[in-house]
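Peer 1:
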């Protein structure tokens, strides 16, 4: 079966082509490198994992409620459109909303794979090329994982969201080598990481919890990579060059905020756009979600030196300025710890099950005598 047969709405094209710009850069310096970046590269090699083995795909998922969240968390909960729906229709709307959200995760991961490959090609420093090569593999694995989850457990895909597509287009079509870092590592990855973390902590369903935790373990390194590389480079830029990057950040952040509404789902269910727009703007759940989504982006933007008045004013307008004081390092360590804790529990459970089977086998043998 073709993936296109499972799209809730028609995908515009089978292949999206973004013209390549900029230069491929080689370096003949093989001994020099930044210690922290090389440490990330070593960790990236050590932490590679196989999605087919590390994730327990036998775990059940209810396609009606793939994340098992209460109805109150849906942005349209309590609206006239919601109240007119039957329970079956509400369940189907929930399924489509999760499919839409995880489809954007999937498309974003493919975008990250392409961006990290572009970084390998264009970045001038070998230590960054080394790390970006490991990230390219990470992103391929993440895309594989989300695609399998959507196909096998949800049975539905949505096309790429227009705002995400626009930001990817802006990021990939820019000839400056630092823009894939800024667009992908900081904005798209930063927002995705916060979304993954919120859903990981809220869902009681074990399979998506595993997926989100293991993907986040990788993404924490990727955001750290972007911070290190851009912080060093942006110290060397002129005020005019920094202002150009700040304009890109402001535009990108508004795009990321607006894409959270999920308008494609409203269209598919023929829900009144004005009603849905008002509901998503006023939803306490979605308002908290939006604020937390910038908990990874705002401190990173501040840390790399893009913290002029335009950026601060935009974050104040979005109500997320206070997120800039979040401690990124603490969150990243927590992401690593969460994935490792899941690993420890799963190994313990597997060992206990193996011992129980062994005991039962011995009891059965004894009974035969």
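In the numbering used here, the protein residues as written are 1 to 369. Quick reminder that beta carbons are idealized off the backbone N, C-alpha and C, glycines included.
With distances taken from CA atoms, which of 317, 121, 261, 80 is nearest residue 26?
Peer 2: Closest by alpha carbon: 121.
Peer 1: Let me know if residue 161 comes out buried or exposed under the rule of 16 or more other beta-carbons within 10 Å of its beta-carbon.
Peer 2: It counts as buried.
Peer 1: Does the contact criterion of 3 or more C-beta pairs under 8 Å hold for the segment 190 to 197 versus the segment 210 to 223?
Peer 2: In short, these stretches touch, since the Cβ pair count reaches three.
Peer 1: Measure the C-alpha to C-alpha separation of residue 314 and residue 58 and round it to an integer number of angstroms.
Peer 2: Spanning the two alpha carbons is a distance of roughly 45 Å.
Peer 1: Tell me whether residue 157 sits in a helix, a strand or coil according to DSSP, three-state version.
Peer 2: Of the three classes helix, strand and coil, the one that applies to residue 157 here is strand, per DSSP.
Peer 1: Using the C-alpha atoms, what's the distance from residue 127 back to residue 34?
Peer 2: Looking at the two C-alpha atoms, the distance is approximately 7 Å.
Peer 1: Please name the residue in 70, 23, 6, 79 whose C-alpha comes closest to that of residue 279.
Peer 2: Selected option, being the one with the closest Cα: 79.
Peer 1: Rounding to the nearest angstrom, what Cα-Cα distance links residue 148 and residue 28 in this structure?
Peer 2: Answer to the nearest angstrom: the Cα atoms are 40 Å apart.
Peer 1: If contacts are defined as beta-carbon pairs under 8 Å, then residue 189 and residue 255 qualify, I think. What distance do you get, rounded to the angstrom?
Peer 2: With 8 Å as the limit, residue 189 and residue 255 do not qualify as a contact, their Cβ atoms being about 14 Å apart.
Peer 1: Can you tell me whether residue 146 is buried or exposed, with buried defined as 16 or more other CB within 10 angstroms of its CB?
Peer 2: By the 10 Å Cβ count, residue 146 comes out buried.
Peer 1: Spatial neighbours of residue 135 within its chain, please: CB distance less than 6 Å, with the 5 preceding and 5 following residues excluded, ordered by chain position.
Peer 2: The residues are 116, 222.
Peer 1: Please report how far the alpha carbon of residue 11 lies from the alpha carbon of residue 204, in whole angstroms.
Peer 2: Straight-line Cα distance between these residues: approximately 31 Å.
Peer 1: What is the C-beta distance between residue 259 and residue 163, in whole angstroms, given that I count them as a contact (C-beta under 8 Å)?
Peer 2: Going by Cβ atoms, the distance from residue 259 to residue 163 rounds to 4 Å, so yes, they are a contact pair.
Peer 1: Do residue 220 and residue 336 have their CB atoms nearer than 9 Å?
Peer 2: A contact, by the Cβ cut-off of 9 Å.
Peer 1: Please report the straight-line C-alpha distance between residue 51 and residue 309, rounded to a whole angstrom.
Peer 2: Distance between the alpha carbons of residue 51 and residue 309: 43 Å.
Peer 1: Is residue 7 helix, strand or coil when you go by DSSP?
Peer 2: If DSSP states are grouped into helix, strand and coil, residue 7 belongs with the strands.
Peer 1: Under the three-state reduction of DSSP, which class applies to residue 15: helix, strand or coil?
Peer 2: Coil, per DSSP.
Peer 1: Starting from the C-beta of residue 235, find all residues in its chain whose C-beta is less than 8 Å away, skip the five residues before and the five after it, and write them out in chain order.
Peer 2: Correct list, in chain order: 305.
Peer 1: Going by CA-CA distance only, name the one from 22, 291, 68 that's closest to residue 253.
Peer 2: Comparing Cα positions, the closest option is 291.
Peer 1: Kindly give me the distance between the Cβ atoms of residue 346 and residue 228, rounded to whole angstroms, as I take these residues to be in contact under 8 Å.
Peer 2: That pair is no contact at about 32 Å.
Peer 1: Leaving aside the five residues before and after residue 303 along the sequence, list all residues of the same chain whose C-beta is less than 8 Å from its C-beta, in chain order.
Peer 2: Hits under 8 Å: 227, 231, 328.
Peer 1: Look at the Cβ atom of residue 191, then the Cβ atom of residue 312, and state whether they are nearer than 9 Å.
Peer 2: No, they are not a contact pair.
Peer 1: Count the other CB atoms within 10 Å of the CB of residue 410; is the residue buried (16 or more) or exposed (fewer)?
Peer 2: No statement about residue 410 is possible, as the shown extent of the chain runs from 1 to 369 and does not include it.
Peer 1: Suppose the cutoff is 7 Å on Cβ atoms and the five residues either side in sequence are ignored; what does the same chain contact list for residue 99 look like?
Peer 2: Hits under 7 Å: 8, 150, 154, 156, 157, 158.
Peer 1: Relative to the C-alpha of residue 333, which residue among 207, 6, 224 is closest?
Peer 2: Ranking 207, 6, 224 by Cα distance to residue 333 puts 224 first.
Peer 1: Can you check whether the CB of residue 113 is closer than 9 Å to the CB of residue 140?
Peer 2: Yes, the pair counts as a contact, with Cβ atoms nearer than the cut-off.
Peer 1: Indicate the three-state DSSP secondary structure (helix, strand or coil) for residue 29 in the structure shown.
Peer 2: Here residue 29 sits in coil by DSSP.
Peer 1: Distance, Cα to Cα, residue 176 vs residue 107?
Peer 2: About 23 Å.
Peer 1: To the nearest angstrom, report how far apart residue 248 and residue 88 are at their CA atoms.
Peer 2: The alpha-carbon atoms of residue 248 and residue 88 are separated by roughly 43 Å.
Peer 1: In the DSSP assignment, find the unbroken alpha helix (DSSP H) run with residue 280 in it and report its ends.
Peer 2: Residue 280 -> alpha helix (DSSP H) spans 273 to 282.
Peer 1: The alpha helix (DSSP H) spanning residue 318 covers which residue range?
Peer 2: Taken as a continuous stretch (DSSP letters only), residue 318 belongs to no alpha helix (DSSP H), as it is neither H nor E.
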